[in-house]
Amino acid sequence: MNELKFSAATKAVILSLIALVALLFLARVRGVLWPFLWAIIVAYVLYPSVDWVASRTRWPRRLVAAIVFLLGLGLLGFALAELRLLFTHQLREFISTLPKTLAYAQEYLFGTQRTHVFGIPVDPKTIQEQVTLALNDLRNYLSGQAVPIITQTVELVAQFILFLIATFYLLLEMDRIGPAFVKLLPRRYHLEVLPLLREINQVLGAYIRGQLLLIVIMASVTWVALTILGVRYALVLGVVTGVLEIFPLVGPITAASLAALTALFQPTAPFGWTNLTLAIVVIVTYTVLRQAENYLVVPHVIGHIVALHPLVVLFALICGGALAGFMGLLLAVPAVAMLRILGGYLYGKLTEGETAGEGANQQINKSTNHKSANQTSTNC
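If you want our numbering, it's the position in the sequence shown, counting the first as 1, plus 1.
Structure follows, in structure tokens:
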């Protein structure tokens with residue numbers, strides 16, 4: 002009985018169809034991919050420490066991975082506990098000053114003698130009625146959202162548990178994922194695929210660590226800037242700004258809005274400014290910091306890490322946001338970095354024959370010239 006064999010073209014078509022089906026499937030279930038995506042990111046961040054300890058000790062790699070995971074979990078819990086104490090202290094301070102802040106805001110917006118707000122003519126009674134109506138609508142909406150909020154909270158907890166489990170198993174199996182993938186390929190490709198996987202792994206790991214560095218930089222710079230401007234809760238706002246860096250576009254706008262509102266309604270403003278002036282300065286500060294990050298820090302730092310030109314990084318971010326929204330912004334740069342590596346490999350393969358042909362032609366030309374020279378010398 003003859004064994005069924007596929008031609009190279011048939012294999013290419015089958016593999017392309019499998020890849021297309023896989024992409025369509027991932028597109029349909031992308032809403033549940035976030036725990037796994039964050040697990041991959043955290044595993045990439047933690048695994049270098051696992052590799053470093055395992056290479057310098059005789060401990061089993063899996064034991065080291067488990068220890069690193071537990072230490073990371075403990076540090077996360079400690080950091081959250083410390084931040085909770087800090088947030089609780091500043092939240093109590095905020096609540097204690099809230100009546101004065103609300104009274105100030107009400108007097109400023111709805112004062113009986115107030116006919117202009119920010120230079121715009123207003124009717125205080127009309128505004129107060131509209132605000133009251135909006136608050137009533139908000140209360141009714143929230144009361145009707147009790148069950149959905151509980152459901153979403155349960156889903157969030159379940160996704161967090163799934164994230165922890167996925168991170169743990171990725172740390173345990175990280176050193177086996179690459180070889181397991183290579184085993185799926187024909188043996189003759191192993192020596193070529195392994196260096197590609199190592200290079201992609203190094204680029205992705207460096208990119209993720211670079212993003213974490215950006216988060217720390219933005220949190221620190223924002224904290225210092227808000228402290229200099231005399232904005233209350235500067236540390237909390239700085240931490241929030243850093244954390245929201247992982248949400249492109251929406252995160253920075255949200256962070257700037259929170260800081261501006263805090264400056265607008267805090268009891269006093271520094272430097273003899275009004276609260277409105279302070280809020281405007283805060284918005285300008287956030288805008289300047291964001292533009293400096295987008296056009297100076299991100300393209301050069303991240304671009305250097307992934308070996309991409311700053312313009313390519315900007316173009317990738319724009320295209321990623323247009324194609325896939327938030328997830329596209331998050332994955333655009335590492336995806337282009339992977340394409341650069343794969344493209345370089347494929348280009349080398351495609352031009353390999355031409356290069357060999359050019360070399361052969363050069364050898365033929367040299368041989369012909371050498372023979373011609375010999376014939377000339379003989380004739381002479």
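Just so it is clear, CB atoms sit at the ideal spot from N, CA and C, and this is done for glycine as well.
Please read all numbers here as calculations on a predicted model, not as lab measurements.
Residue i versus the options, residue with shortest Cα-Cα distance
{"i": "Trp314", "options": "Tyr296, Thr288, Asn137 and Val43", "result": "Position check: residue 314 holds Val in this sequence, whereas Trp was assumed. Considering only alpha carbons, the answer is Tyr296."}
{"i": "Leu173", "options": "Leu47, Ala264, Leu277 and Leu213", "result": "Leu47"}
{"i": "Ala235", "options": "Pro300, Met339 and Leu227", "result": "Leu227"}
{"i": "Pro300", "options": "Ala80, Gly211, Leu64 and Glu193", "result": "Gly211"}
{"i": "Gly252", "options": "Leu238, Ala55, His305 and Thr152", "result": "Leu238"}
{"i": "Val204", "options": "Ser50, Gly349 and Val334", "result": "Val334"}
{"i": "Thr242", "options": "Leu309, Ser8 and Val283", "result": "Val283"}
{"i": "Gly73", "options": "Trp60, Thr168, Leu332 and Ile229", "result": "Thr168"}
{"i": "Glu200", "options": "Ala40, Gly345, Ala280 and Val30", "result": "Gly345"}
{"i": "Gly231", "options": "Arg189, Trp274, Val298 and Leu309", "result": "Trp274"}
{"i": "Thr286", "options": "Leu81, Ala317 and Ala256", "result": "Ala256"}
{"i": "Val302", "options": "Met339, Leu215, Pro149 and Gln292", "result": "Leu215"}
{"i": "Leu71", "options": "Leu262, Ala44, Thr89 and Leu86", "result": "Ala44"}
{"i": "Val69", "options": "Leu81, Asn137 and Pro49", "result": "Pro49"}
Simplified DSSP state of residue i, which is helix, strand or coil
{"i": "Arg188", "result": "helix"}
{"i": "Ser373", "result": "Low confidence applies to Ser373: its pLDDT is 49, below 50, so where it sits in the model is not reliable enough to give any reading."}
{"i": "Leu18", "result": "helix"}
{"i": "Leu309", "result": "coil"}
{"i": "Ser8", "result": "coil"}
{"i": "Val225", "result": "helix"}
{"i": "Trp1", "result": "Here the chain comprises residues numbered 2 to 381, so residue 1 is not present and cannot be evaluated."}
{"i": "Val30", "result": "coil"}
{"i": "Val285", "result": "helix"}
{"i": "Trp60", "result": "coil"}
{"i": "Val232", "result": "coil"}
{"i": "Pro149", "result": "helix"}
{"i": "Pro335", "result": "helix"}
{"i": "Gln160", "result": "helix"}
{"i": "Gln131", "result": "helix"}
{"i": "Thr352", "result": "coil"}
{"i": "Thr154", "result": "helix"}
{"i": "Thr269", "result": "coil"}
Supposed close pair residue i, residue j - CB separation, criterion 8 Å
{"i": "Val183", "j": "Leu195", "result": "6 Å"}
{"i": "Ile42", "j": "Ile209", "result": "5 Å"}
{"i": "Val240", "j": "Leu84", "result": "7 Å"}
{"i": "Gly321", "j": "Leu332", "result": "7 Å"}
{"i": "Leu309", "j": "Val337", "result": "6 Å"}
{"i": "Leu330", "j": "Leu318", "result": "6 Å"}
{"i": "Leu197", "j": "Ile19", "result": "Not really, about 20 Å apart at Cβ, beyond 8 Å."}
Proximal residues to residue i (C-beta, below 7 Å), its chain only, five neighbours per side dropped
{"i": "Val222", "result": "Leu290"}
{"i": "Ala66", "result": "Val51, Leu172 and Leu173"}
{"i": "Asp176", "result": "Arg62"}
{"i": "Thr224", "result": "The residue you asked about is not Thr; residue 224 is Trp in the sequence shown. Closer than 7 Å at Cβ, skipping near neighbours: Ala235, Leu236 and Gly239."}
{"i": "Leu259", "result": "Leu238 and Val241"}
Spatial neighbours of residue i in its chain, beta-carbon cut-off 8 Å, leaving aside the 5 residues before and after
{"i": "Phe7", "result": "Ile15"}
{"i": "Met219", "result": "Thr242, Gly243, Glu246, Leu290 and Glu294"}
{"i": "Thr288", "result": "Ala257"}
{"i": "Lys12", "result": "none"}
{"i": "Leu1", "result": "Given that the chain is displayed from residue 2 to residue 381, the structure contains no residue 1 and the question cannot be resolved."}
Chain-order list of residues whose beta-carbon lies under 6 Å from that of residue i (same chain, five-residue window excluded)
{"i": "Leu279", "result": "Ala264 and Ala270"}
{"i": "Ile306", "result": "Ala207, Tyr208 and Gly211"}
Does the stretch 32 to 39 come into contact with the stretch 162 to 171, if we say contact requires no fewer than three beta-carbon pairs (one atom in each stretch) closer than 8 Å? yes
task: Say whether the stretch 47 to 58 touches the stretch 177 to 193, bearing in mind that this needs 3 or more beta-carbon pairs closer than 8 Å, one atom from each stretch.
output: no
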